[in-house]
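Read in the UniProt record's numbering, the sequence shown has 177 at position 177, and its numbers run on one by one without any break.
From the three backbone atoms N, C-alpha and C, an ideal C-beta is built for every residue, glycine too.
In this text the structure is predicted, and so the values were computed from the model without any measurement.
For reference, the structure discussed in these notes is given below.
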Amino acid sequence: MHPMLNIAVRAARNAGDLIQRSSNNIEKLTIDQKSRNDYASEVDRMAEQEIIKVIRAAFPDHAILAEESGHHRGNDYVWVIDPLDGTTNFLHGFPQYAVSIALKLKNKLEIGVIYDPVRDELFTAERGGGAMLNNRKIRVTKQASMRGALIGTGFPFKTMEHIEPYLGMFKAIAADTAGIRRAGAAALDMAYVACGRLDAFWEIGVKEWDVAAGVLLIQEAGGVATDFSFNDKYLQSGNIIVGNPRMHQLMYHAIAPHVTDKLK
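So, in structure tokens, the structure goes:
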């Protein structure tokens, strides 16, 4: 395993252990509302501190972009960290949340780790090295039509600005598929696309730390990721479509009529 991937795995497991130990005392946690429908707890901050501690011990010169503490200056390597993706789920005892860690070098994704501490599922990817789930190779599905497909999504719940175009997308996709799932943790949704549990996924307004690791997992598992304009600006725009190559194409064409100028 790549030395940097080893560090990411260690950091993710340490954070996951901390999160799970805290899951028995949720009612005692201090919870802050960062913005509308966006929450953070002391567990988010402690998990992030643990991840940064592990990374800093190994690579003190690397830069960090973390959800809770923001940007930490460094060299051309940038660690992108979501210490607890699915905080609202966690705070409600809903067992769908994960730790997400990615590493970029000059804006190219090199390492991706998503760890689900509830199920002890570790998703890993390194550029050119494929994608794994608990050390077993994973691939996206071979689903080739909307009919019978299972699609993941995330509701644009933090702002109502894009609710109408989103509902148009939802209707267009729901018409032919076997179902749409909204579980509330984008990192896990994307890991599920990479390992074939979902055929595709789309969301409006995600943050870089939500999807960076998942994008590399999907690409290394044979899938495709773009923004709503069929470009690779998803980390900047926050609008993303992922899936196996055929499903991605079908999703793009279903979504395109409902994409407003602000979503391009």
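Can you list, in chain order, the residues of its chain with a C-beta nearer than 8 Å to that of Ala172? Leave out the 5 residues immediately preceding and following it.
Ala254, Ile255, Pro257, His258
Grouping DSSP H, G and I as helix and E and B as strand, with all else coil, what is Pro83?
strand
Quick check: the Cα distance between Asn37 and Ala183, rounded to an integer number of angstroms?
With a pLDDT of 45 at Asn37, under the threshold of 50, the predicted position of this residue should be treated as unreliable, though the coordinate-derived value follows. Approximately 15 Å, taken between the alpha carbons.
With 16 other CB atoms within 10 Å as the buried threshold, where does Phe230 fall?
exposed
Does the stretch 137-150 come close enough to the stretch 237-247 to have 3 or more Cβ pairs within less than 8 Å?
yes
Taking contact to mean at least 3 C-beta pairs separated by less than 8 Å, is the stretch 204-213 in contact with the stretch 83-100?
yes
How would you label Lys106, buried or exposed, when you count the other beta carbons within 10 angstroms and need 16 or more for buried?
exposed
Thinking Ala194 and Leu217 are a contact (beta carbons under 8 Å), I'd like their distance in whole angstroms, please.
4 Å
Across which residues does DSSP place His72 in a beta bridge pair?
Ile64
Write down every uninterrupted run of the beta strand (DSSP E) in the stretch 89-161 whose length is 3 residues or greater and which is fully enclosed by it, in chain order.
98-105, 108-116, 121-126, 131-133, 150-154
Return the bridge partner residues of residue 265 from the DSSP annotation.
As shown, the chain starts at 1 and ends at 264. That puts residue 265 outside it, with no answer to give.
Rank His92, Gly222, Leu133, Glu42 by C-alpha distance to the C-alpha of Glu68 and give the top, closest one.
Glu42
Excluding the 5 residues preceding and the 5 following His2 in the sequence, name in chain order all residues of the same chain whose CB lies nearer than 8 Å to its CB.
Ile111, Glu126, Gly129
Can you name, in chain order, every residue of its own chain whose Cβ lies under 6 Å from the Cβ of Ala221, other than the five neighbours on each side?
Ala131, Ile138, Arg139, Val140, Ala194
Please return the same chain residues whose Cβ sits closer than 7 Å to the Cβ of Glu203, not counting the five positions on each side in sequence.
Thr153, Gly154, Ala186, Ile240
Within 10 Å of its beta-carbon, does Thr260 have 16 or more other beta-carbons around it, so buried, or fewer, so exposed?
exposed
Using a threshold of 7 Å, state whether the C-beta atoms of Ala149 and Thr124 are closer than that.
no
CB-CB length for Tyr115 against Gly16, believed under 8 Å:
5 Å
Distance CB(Ala47)-CB(Pro83) smaller than 7 Å
yes
So for Val259, helix, strand or coil by DSSP?
coil
Residue from Met160, Asp120, Leu109 whose Cα sits closest to the Cα of Tyr234:
Leu109
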